[in-house]
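Scroll down for the structure; my scribbles are underneath it.
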Amino acid sequence: MPYCFMCKSIFKINSHLISHLNIFHNVKSICEFKCLETGCYRVLSTFHSFKNHIAQHKDVLVENNKPDNFPVSTSKQEHADLNIVNSPILNEIISSNSNNSSDQISVDNFIDTLRCSSVTLASKWYSNSIIPRKIIQVLFNDIRQFNNSFLSLLKDKMLEVKYDLNHTKDIHLMFDQLSNPFSSISSEHLRFKTFDEIGILIRPRLVDIGCRLNDRMKAGRVIFEPKVFQMSFVPLRYVLKTMLQDCNLFEVIIKFMNHLESNSNKCVSNFVQCKLWKSKLEKNSQKILLPLFLYFDDFEINNALGSHAGNNKLGAVYASLPCLPPEYSSSLENIFLACLFKSVDRQEFGNRAIFSELITELNFLEVTGIEILYDGEVKRVFFSLGLILGDNLGLHSILGFSESFMANFSCRFCKSNKSDCNHQLVQIDENLRNEVNYSTDIAINNLSLTGIKELCVFHEIQSFHVTNNYAVDIMHDILEGVCKYDIGMMLKVMVYNLNYFTIDTLNNRIESFNYGPIDIRNRPPLISIDSLKHGSIKMSASETLCFTKYLTLIIGELVPLNSEFWSLYIILKQIMDIIFDKCLKFEDIQLCKLLISEHHALYIRLFNTNLKPKFHHMTHYPLIMEQCGPLSLIWSMRFESKHKQFKDTAKSITSRKNSPYTLALKHQLNMSYRVLSSVNTINIKLGRRTLLSANTRLKYKNVKFICSPFNILDDKVQFFSWIDFKGTIYNCNNMSVLINFSDDPNILPLFGLILSVFIITNNNVPFLVCSIYNNNYFDEHLQAYNVQLTNDLICCSVENLDCVQPTIHCVMSNGLCFIPK
């Protein structure tokens, strides 16, 4: 029976509760909508998702009018198919007690609230990747002992007060429940059973992949016996249904795709706007079709330098939805686990044994789809595999290409041989792989002549062909490849041959440079003499990106403007500006094609060497950007961050028996807590609250608005030292932002220094007050120029800023830069 979570009113049908909330409560001001149905502990973030959730309880009451002691099904498959709360219904008891005193109802609410809090606490502990499951049982036991140590004394003291008989019974009952709040979930079996009953746990399934002889000790002798080896598989159909319906991601996707469609003429910023996906939509115009990305990679859970390195190396397959907004797609919670297995098993049993279950699941999602409840209607949603992502070695190993990049045909995009790739400046369209020549190469069945090791197992998916898998990883190609080659050789020549500066000068500038509050976490390490003599630099991908971005400001004035080695860096920086951009235009792609050709020619001429395979991949970047959009949306950086969750869990446990299932179950328990909370709002992290001085308040009266004007000094406005919004931190007085940018080359961009950050408390919208820089900073003969602030103040919303990331320094793509003072 529906309850109002605001005033605890009782209603007979769900529609009465919805009308009550609309009339008597301001639903726009409510942040959390709680379901008070018995056995349900859901907390939802939007009124729309709350209405959908309440409708599920209505279906349960109509179809299953069962008594309180009706046995609850524990079938995981059944719960996943229904995706509803299948718990005991107290409709008759609540109805019979509705005419009684409100005290009895309050006791029931107390017991139900206590159980709800207990289940939520258990789910939260299980979601923590560094808490082993066996420790959670210890925590429950300690809490129970802690409660028993003082609750009995408190109970006796309270009962000394004279109450009537009914109140005394209620106090007895409430204290009995409070003394052992985890009685219904006292063991892990009961906790998992509860998670199954309320439909929040999607357990991984063990799948047989092969059999081999295994040795074991029996009666003092070593014997060999056959043993079946398994992998962990998570059914994506249930994961996607839960995420789209219960976590309200379907509504988020619909709004975002409508926004992309309205701005489709400006630029391409998502995979759904690209040629590859549009060609698939044309064949399925009558369906609600969403794209799906897969990512494959191997990672080590043991010490990489220890004696057991490689024994428990795991292979993981993740799934993601590229049609989510950037603030959602960058969250690790929206990267879902599909498969987890031991890498040695894939090498022994092959790709078909490992991925057959996954391929069957993808075919089901594409042909049959899933049903979700949205806006009061049941909608069938289909999914199509858009791309298979990964690093070069990982993609070649699971797609059936040569795993040696020194092979005669080492490229998965074209059939250019090794000698041609060493000097190729642009893509040769005639050499591109397609379905016709791929079939011919499969028939030849010769790795050295074709570069194909085996037929791609993912061809069993109806809409996928490996020659259309335009996936590259700019993290490994550029940051851990081309940048290190270019900058390493350039610095070697400048230090040892041209004597522009010494390595001590370079390291002193790297160490003393002000990287700002954000990039300080990725500051590059000092460059060693041994590595520089070999023309290489040892840095991580994030450190290389930071070093490449700020190299102009670190050593720019020490290098002559006419240096060809410096020109190579400038061209590389311009290429990176395009391929790391989140929004692309057709002109950017054509410019990138010319810059890559110029870069390769200059690299060959300056260093008198051949191009490496990662340089050859760059020649295909323009084609891939046309087909798939911005390359920074398909790189490996966020997926490799997902590995850390499993590594942290593996470090917290000592057992290595069936590691794939242990880690997969822990991952699904993490998802259970997310489903239980069901909050998809973008959290705003706030720093220390600050008060403005009288002079500042007087100065802010003359601020100009790039949004709807309001009283900036009103009581509803709160100022903070910093704000973290959608993963970007905005600090006061030490960070500049790009306020607006024009396509007209004659109009200079407008920069501002952040003076204050604040939010409007009634809607938590973050705003900035910026002091504008003087735009007259261009000087073709200067590398650096100190820019002065003007007296103009601008107030703008953070959501309307053109910049993706604020920075303390502003570097122009042609190498000119300035340092805001």
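Just so you know, the sequence shown maps onto residues 1 to 821 in UniProt numbering. Note that beta-carbon positions come from the ideal geometry of N, C-alpha and C, so glycine has one too.
Which of helix, strand or coil does DSSP assign to residue i?
{"i": "residue 790", "result": "strand"}
{"i": "residue 695", "result": "helix"}
{"i": "residue 484", "result": "helix"}
{"i": "residue 400", "result": "coil"}
{"i": "residue 90", "result": "Since pLDDT at residue 90 reaches only 28, below the 50 mark, its modelled position is unreliable, and the value read off the structure follows with that caveat. Coil."}
{"i": "residue 444", "result": "helix"}
{"i": "residue 208", "result": "strand"}
{"i": "residue 690", "result": "strand"}
{"i": "residue 374", "result": "strand"}
{"i": "residue 172", "result": "helix"}
{"i": "residue 722", "result": "strand"}
{"i": "residue 716", "result": "coil"}
{"i": "residue 752", "result": "strand"}
{"i": "residue 769", "result": "strand"}
{"i": "residue 830", "result": "The question about residue 830 has no answer here: the residues shown for the chain are numbered 1 through 821."}
{"i": "residue 27", "result": "helix"}
{"i": "residue 516", "result": "helix"}
Do residue j and residue i come within 9 Å of each other at the CB atom, strictly closer than that value?
{"i": "residue 823", "j": "residue 628", "result": "Nothing can be reported for residue 823: it is not among the residues displayed for the chain, which extend from 1 to 821."}
{"i": "residue 294", "j": "residue 389", "result": "yes"}
{"i": "residue 473", "j": "residue 634", "result": "yes"}
{"i": "residue 253", "j": "residue 244", "result": "yes"}
{"i": "residue 765", "j": "residue 799", "result": "yes"}
{"i": "residue 292", "j": "residue 317", "result": "no"}
{"i": "residue 247", "j": "residue 769", "result": "no"}
{"i": "residue 290", "j": "residue 182", "result": "no"}
{"i": "residue 842", "j": "residue 413", "result": "The requested residue 842 is not part of the displayed model; the chain covers only 1 to 821."}
{"i": "residue 737", "j": "residue 752", "result": "yes"}
{"i": "residue 523", "j": "residue 332", "result": "no"}
{"i": "residue 592", "j": "residue 621", "result": "yes"}
{"i": "residue 397", "j": "residue 351", "result": "yes"}
{"i": "residue 4", "j": "residue 21", "result": "yes"}
{"i": "residue 826", "j": "residue 213", "result": "There is no way to answer for residue 826, as the model of the chain reaches only from 1 to 821."}
{"i": "residue 477", "j": "residue 617", "result": "yes"}
{"i": "residue 242", "j": "residue 202", "result": "yes"}
{"i": "residue 340", "j": "residue 594", "result": "no"}
{"i": "residue 320", "j": "residue 301", "result": "no"}
{"i": "residue 119", "j": "residue 173", "result": "no"}
So is residue i buried or exposed if we call it buried at 16+ other beta carbons inside 10 Å?
{"i": "residue 219", "result": "exposed"}
{"i": "residue 348", "result": "exposed"}
{"i": "residue 601", "result": "exposed"}
{"i": "residue 268", "result": "buried"}
{"i": "residue 709", "result": "exposed"}
{"i": "residue 685", "result": "exposed"}
{"i": "residue 255", "result": "exposed"}
{"i": "residue 57", "result": "buried"}
{"i": "residue 306", "result": "exposed"}
{"i": "residue 641", "result": "exposed"}
{"i": "residue 176", "result": "exposed"}
{"i": "residue 217", "result": "exposed"}
{"i": "residue 17", "result": "buried"}
{"i": "residue 733", "result": "exposed"}
{"i": "residue 534", "result": "exposed"}
{"i": "residue 560", "result": "exposed"}
{"i": "residue 429", "result": "exposed"}
Cβ-heavy atom distance between residue i and the ligand PLP below 8 Å?
{"i": "residue 634", "result": "Among the components of this structure there are no ligands whatsoever, and the ligand PLP is therefore not found."}
When the cut-off is 9 Å and only beta carbons count, does residue i lie next to chain B?
{"i": "residue 384", "result": "No chain B appears in the structure shown, which is made up of a single protein chain."}
Note to self: With three or more C-beta pairs closer than 8 Å as the rule, is the region 483-498 touching the region 554-571?
What the structure shows: yes
Item checked: Segment contact flag, the region 126-139 with the region 208-217, C-beta cutoff 8 Å, min 3 pairs -> no
Notebook entry, point to check: Does the region 458-473 come within contact of the region 502-522, defined as at least 3 CB pairs closer than 8 Å?
Noted result: Look at the beta carbons and you see the region 458-473 not touching the region 502-522: under three pairs across the two are nearer than 8 Å.
Checklist line | Stretch-stretch touch, CB-based, cutoff 8 Å, three pairs: the region 528-547 with the region 222-234 | finding: no
Check: Does the region 408-428 touch the region 582-602, meaning 3 or more C-beta pairs lie closer than 8 Å?
Finding: yes
Notebook entry, point to check: Counting pairs of beta carbons, one from the region 43-58 and one from the region 367-374, are three or more of them closer than 8 Å?
Noted result: A contact is defined here as three or more CB-CB pairs under 8 Å, and the region 43-58 meets this definition with respect to the region 367-374.
Next item on the list: Note down, one range per segment and in chain order, each alpha helix (DSSP H) of at least 4 residues found wholly within the region 548-629.
Entry: 564-579, 586-607, 613-618, 621-628
Note to self: To test your reading of the DSSP string, which unbroken alpha helix (DSSP H) runs of 4 or more residues are found completely within the region 198-263?
What the structure shows: 236-241, 249-262
Check: Can we say the region 265-280 touches the region 296-309, given the rule of at least three CB pairs closer than 8 Å?
Finding: no
Item checked: Contained beta strand (DSSP E) runs [length at least 3] in the region 285-310, N- to C-terminal order -> 288-300
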